[in-house]
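Here is the structure we will look at.
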Amino acid sequence: MRKKVFALLLAAALVLCCAGPALPAEAAGVFLAVDDTLLSSAPYVSGGTAYVPYSVLSYFGIYSAYFETGVISLYTSSLQLNFDINNGGCQDAAGNSYTASAIYYGGIAYVPVVFCATYFGAFSFSYITSSYGDVLRLTSGAQVLSDREFINAAASAMGGGSATHTPTPAPTPSASPSPTPTPTPERDRSDVTVYLSFTGLPSERAAELLRQRDLRCGFFLSAEDIRSDPEQVRALAGQGHTLGVVCGQDAGGDWAEAAQLLFEAAGIWPTMLAPLPEGEAAAAALAEEWGLALWLPEINGETVPPEDRSLVWYTGQLAGAAGSVGVQVARPEPDGEGDAELDYQLLRYLLASGYTLGAVRETVLLEGN
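Quick note: the sequence shown uses numbering that gives the first Met the number 0, first residue 0, plus one each step.
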């Protein structure tokens, strides 16, 4: 009973927090600002609810992933929200549902400012009215100018008509969540080493991020992968990534063909193989017969075969991980519903959350929890 009363009081407090400064019922041509910078993008305000392009929240360390299924995932190192644009509402990583919704217009997805500010606690906001135009200003606490000083400083830019985007009105979702979100305390994740591997070649942005950060991963390739882009295969080998073979039920045939192509493309004879779910037994027998290293990554003590999973699934599994864990990510089929840049989004999440990334090698021994 005591917990129930506390939860109700907490929910009431959150609703009051969500009220925030007064917003007009309808607004068009409103300017958007972050700290002391006036942005070229614009918000949408309707029915007293303010929305901003979801990518704007990256200014405050809130990362994002947009999935072809119409789901936007916003996340930090400890919190995550998944907005369902098609059906409305959102969920956190624990499966709790909230009534706050995102909207979509002109190829851009917008998220509710008040709800996101309250849930993540990473920024504040104010709605400033002036003769130059109205401004929705999001602040991190690092801003120098007061609201009035900011308006005076931005007057010339606002007179130039920077805010030209006026979204078509959309149904106004409630900004009051139910039930109340329960933030997870920040945790240093550097004590968790993630050995990251992929089946298939990386997306363009993932490959660039790996190169920029000088990171090493494992890539387990099929003959088809190698034929599709031998130049990228050579580049991955040159950057020091571990290249192995992914095997299905015909482990011997898959291995022989892919290993030969890999040698021709990059001058490497692979010594590691990773099985698809249907080929685990055949791959284990092949590894034992030929003295190969069988890569069976584990999360929380359980082997996790490469399958078409979501960012939400991986972040949820990693949340309780300790010691050393192995993660293998399957690239979605080109015509499938999976996120084609899941590898990039997961890399960004791991780096933002402070995980230690270890290079996949034959000698890697994954520690249990």
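The beta carbon of each residue, even a glycine, is placed where N, CA and C say it ideally should be. What you are looking at is a predicted structure, and each value in this text was computed from that prediction instead of being measured.
Outcome for residue i when other beta-carbon atoms lying within 10 angstroms are tallied against a minimum of 16
i, result
"E297", "buried"
"A284", "exposed"
"N81", "buried"
"D224", "buried"
"D249", "exposed"
"R210", "exposed"
"P276", "exposed"
"Q259", "exposed"
"V70", "buried"
"W254", "buried"
"R212", "exposed"
"V143", "exposed"
"E263", "exposed"
"S39", "exposed"
"W268", "exposed"
"R147", "exposed"
"N368", "Residue confidence is low: N368 scores 38 on pLDDT, short of 50, so the model does not pin down where it sits. Its coordinate-derived value is still stated next. By the neighbour-count rule (16 or more Cβ atoms within 10 Å), N368 is not buried but exposed."
"A286", "buried"
"W294", "buried"
"A152", "exposed"
"E67", "exposed"
"A32", "buried"
"A116", "buried"
"E340", "buried"
"S130", "exposed"
"T163", "With a pLDDT of only 34 at T163, under 50, the local geometry of the prediction cannot be trusted, and no value is derived from it."
"G217", "buried"
"S139", "exposed"
"G239", "exposed"
"A280", "exposed"
"T48", "buried"
"G105", "exposed"
Per DSSP, the bridge partner or partners of residue i
i, result
"Y103", "A108"
"P52", "Y109"
"R71", "With the sequence shown as reference, residue 71 is identified as Ile, and Arg is not the correct amino acid for it. Partner(s): Y65, F82."
"A32", "L37, R136"
"T98", "In the DSSP output, where bridge partners are listed per residue, T98 has none listed."
"G357", "Y194"
"Y43", "Y50"
Local conformation of residue i per DSSP, three classes
i, result
"V324", "strand"
"F59", "helix"
"S352", "helix"
"A318", "helix"
"E301", "strand"
"A92", "coil"
"A121", "coil"
"L209", "helix"
"G217", "strand"
"L345", "helix"
"A116", "helix"
"G158", "helix"
"T362", "coil"
Rounded distance between the beta-carbons of residue j and residue i, thought under 8 angstroms
i, j, result
"L257", "A222", "Sequence inspection shows Ala at residue 257; the Leu mentioned does not correspond to that position. Contact flag correct, Cβ pair sits at about 4 angstroms."
"L242", "L214", "Not really, about 15 angstroms apart at Cβ, beyond 8 angstroms."
"L73", "Y53", "7 angstroms"
"W88", "S96", "At residue 88 the sequence reads Gly, which differs from the Trp that was named. Going by Cβ atoms, the distance from G88 to S96 rounds to 6 angstroms, so yes, they are a contact pair."
"L137", "F122", "5 angstroms"
"Y313", "L345", "6 angstroms"
"V191", "A320", "5 angstroms"
"A108", "A101", "6 angstroms"
"V51", "V112", "6 angstroms"
"R188", "Y348", "Actually they do not touch by this definition, with Cβ atoms about 10 angstroms apart."
"A156", "L37", "5 angstroms"
"V324", "V193", "6 angstroms"
"L220", "L200", "7 angstroms"
Considering only residues of the segment 219–297, which uninterrupted alpha helix (DSSP H) runs meet the minimum length of 4 residues and lie entirely inside it, listed in chain order? 222–227, 229–237, 250–265, 279–289
Can you check the segment 125–156 for any alpha helix (DSSP H) of at least 4 residues that lies completely inside it and give the ranges in chain order? none
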